[in-house]
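Numbering (UniProt numbering), first residue to last: 1 to 84.
In this text, a Cβ means the ideal position worked out from N, Cα and C, and glycines have one as well.
Working notes, structure below.
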Amino acid sequence: MADKQRRYKFGEYILRERKGRYYVYKLETINGEVKERYVAPLIDVVETYIKLKESGSVGVSPTVRPPGFEPGITGLGGRRPNPD
């Protein structure tokens, strides 16, 4: 019977199973060499994502103005004229 797959690749991220738990690694290219950098256990990544999503920090449209007192620049209307 074939061995169970213990490594799953999703773009630049890898999930590895060890002793029934899953861990997240990110692929990085350093000096032309691809290395895996440990991120966190999968459960921590998921819990953090859920907390951020519930607080409204994940999935915000990029057209939404930034928080704060400074007005956001949207489109060409926010540019200053070129002083020639």
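{"query": "At what residues does the beta strand (DSSP E) containing Glu-12 begin and finish?", "result": "Neither: Glu-12 is in no beta strand (DSSP E) and is coded neither H nor E."}
{"query": "Along the beta strand (DSSP E) that carries Lys-53, what are the first and last residues, could you check?", "result": "It is not in any beta strand (DSSP E) - Lys-53 instead sits in the alpha helix (DSSP H) that spans 42–55."}
{"query": "Val-34 by DSSP, collapsed to three states: which one?", "result": "strand"}
{"query": "Determine contact between the stretch 35–44 and the stretch 16–27, defined as no fewer than three beta-carbon pairs at a distance below 8 Å.", "result": "yes"}
{"query": "With a threshold of 7 Å on Cβ separation, who are the neighbours of Ala-40 within its own chain once the five nearest residues in sequence on each side are excluded?", "result": "Val-24"}
{"query": "May I have the straight-line CA-CA distance separating Arg-37 from Lys-53, to the nearest angstrom?", "result": "25 Å"}
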